[in-house]
Amino acid sequence: MPLVPLAQVLEEASKGGYGVGAFNVNNMEQIQAIFKAAQENRSPVIIQASRGALKYTNLTYLKHLINAAAEENPNLPIVVHLDHGTVEAAKTAISLGFTSVMIDGSHLPFEDNIRVTREVVEYAHAHGVSVEAELGTLGGIEEDIQGEVQLTDPAQAEEFVERTGCDALAVAIGTSHGAYKFKSKPKLAWDLITEIRRRTNVPLVMHGASSVPQDLVATINRYGGRLEDTFGVPIESIQAAIRLGISKINVDTDIRLAATAAVRRVFAEEPEKFDPREYMGPAREAMAEIVGLRMQQFGCAGHAQDYTPKTLEDYRRFYAEQGR
Ligand code: G3H
Ligand code: 13P
Ligand code: ZN
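Under our numbering, the letters of the sequence shown match residues 2 to 325, in that order.
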């Protein structure tokens, strides 16, 4: 199966009423872990690389690692996506063969966000590549929640989608990036998801969707780590958000926690070990386990075979016909 655009996977997910996990990657073990989980769960795959990941892997390594994964897994629909991109990074990612890019203009004034997003949409759609954009800034919606926030305004979202022609919209509904999201069980802005979904016709994206499993935090701390008390987004909240119209769910922190817990356990329990395979191997297993669990919980498990894959050329023609 060729790499497919994000637009196709999210269209299938919206029709099927399930969410698709989008998992961040920076190295070979993470990529292998995600594909192991996807094979075991017959799930479509969205792997995404941040600008930090592109820098860390020096582009060429990442491109070849992803191509290796695609070659090894010809039976899965695979989206290769740029996470939190700029105009420049989006063009670079498209030249590397990514099938989807995010342009993150969420920190810009509304009109500037529309301008940069429109620029990326025109460039990406001419290549058949999908575009995720963002409106609003991530953070919490209660006083005891950490981080700054500007929840997405539904009327602005309607105008934004209409004027930019983006394929998916990341919305700020009370989540935030990283391990320190909430000091207690969170409350998300459910009414916003419903209202934005009613006013726009694009699939919605939840960033900052790690659940920060308490057992992983405890394991890390038991074996010498120093993480503070923290809460992530409960799985039931993500499942409720999927029912309301969230289709893509971004997870990075949970994978980092799983890897760190596994490596710390080996270092603490088997201090004589020094072969990287003896701690990176368990880290890879732990990452595959949490990714597989998320695929089941988000509902994308079992859906890999639903797809008749579409190519970037199919989408290039579709956008040209639609004038998008
Ligand atoms: O949204 C951010 C992702 O977790 C990527 O993080 O910029 O550290 O690679 P990064
Ligand atoms: P987490 O930090 O909650 O895993 O969010 C990742 C993310 O949103 C990547 O874009
Ligand atoms: Zn994000």
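Idealized CB from N, CA, C, for every residue including glycine.
Since this is a predicted model, take the numbers as computed values, not measurements.
Open item on the list: As a quick check of your reading: which residues have a C-beta less than 7 Å from at least one non-hydrogen atom of the ligand G3H, in chain order?
Closed with: 25, 27, 51, 52, 53, 54, 84, 85, 178, 208, 251, 253, 254
Task: Buried/exposed call for residue 219, threshold 16 Cβ in 10 Å - done: exposed
Open item on the list: Quick check on residue 143: does DSSP put it in helix, strand or coil?
Closed with: Only weak support exists for where residue 143 lies, its pLDDT of 46 falling under 50; the value from the coordinates is given anyway. In this structure, residue 143 counts as coil in the three-state DSSP scheme.
Task: Residues of its chain near residue 263, where Cβ-Cβ distance is below 6 Å and the 5 sequence neighbours each way are ignored - done: 283, 284, 287
Open item on the list: Out of 229, 68, 209, 268, which one is the CA nearest neighbour of residue 239?
Closed with: 209
Task: DSSP bridge partner residues for residue 138 (one or two, in chain order) - done: 151
- [ ] For residue 245, I'd like the list of residues in its chain whose CB is within less than 8 Å of its CB, leaving aside the five on either flank, ordered along the chain.
- [x] 191, 194, 195, 198
TODO: Say whether the segment 104-119 touches the segment 55-64, bearing in mind that this needs 3 or more beta-carbon pairs closer than 8 Å, one atom from each stretch.
DONE: no
Open item on the list: For a test of the three-state rule: what should DSSP assign to residue 114, helix, strand or coil?
Closed with: helix
- [ ] Would you check if the segment 31-49 and the segment 262-276 touch, i.e. whether three or more CB-CB distances between them fall below 8 Å?
- [x] no
Open item on the list: Using C-beta distances below 8 Å, list every residue in its chain close to residue 228, excluding the 5 sequence neighbours before and after it, in chain order.
Closed with: 180, 218, 221, 222
Open item on the list: For the ligand 13P, is there any heavy atom lying closer than 7 Å to the beta carbon of residue 211?
Closed with: yes
Open item on the list: Could you tell me the alpha carbon to alpha carbon distance between residue 174 and residue 255, rounded to whole angstroms?
Closed with: 19 Å
Open item on the list: Considering only their Cβ atoms, is the gap separating residue 134 from residue 171 smaller than 8 Å?
Closed with: yes
Task: Distance CB(residue 247)-CB(residue 207) smaller than 8 Å - done: yes
TODO: Mind the definition here: the segment 4-20 touches the segment 311-320 only if three or more C-beta pairs lie below 8 Å; say whether that holds.
DONE: yes
Open item on the list: Is the separation between the beta-carbon of residue 178 and that of residue 139 shorter than 8 Å?
Closed with: yes
Open item on the list: Quick check on DSSP: helix, strand or coil for residue 82?
Closed with: strand
Open item on the list: Output needed for residue 201: all residues of its chain with C-beta closer than 6 Å, excluding positions within five of it in sequence on either side, in chain order.
Closed with: 158, 159, 162
Open item on the list: Could you tell me the alpha carbon to alpha carbon distance between residue 98 and residue 84, rounded to whole angstroms?
Closed with: 14 Å
Task: Contact belief for residue 291 with residue 242 at Cβ below 8 Å, rounded distance in angstroms - done: Actually they do not touch by this definition, with Cβ atoms about 19 Å apart.
Task: Inter-residue CB distance, residue 76 and residue 305 (contact presumed, cutoff 8 Å) - done: 7 Å
Task: Supposed contact pair residue 26 and residue 50 - C-beta distance, whole angstroms, cut 8 Å - done: 6 Å
TODO: Could you tell me the distance, in whole angstroms, from the CA atom of residue 63 to the CA atom of residue 52?
DONE: 12 Å
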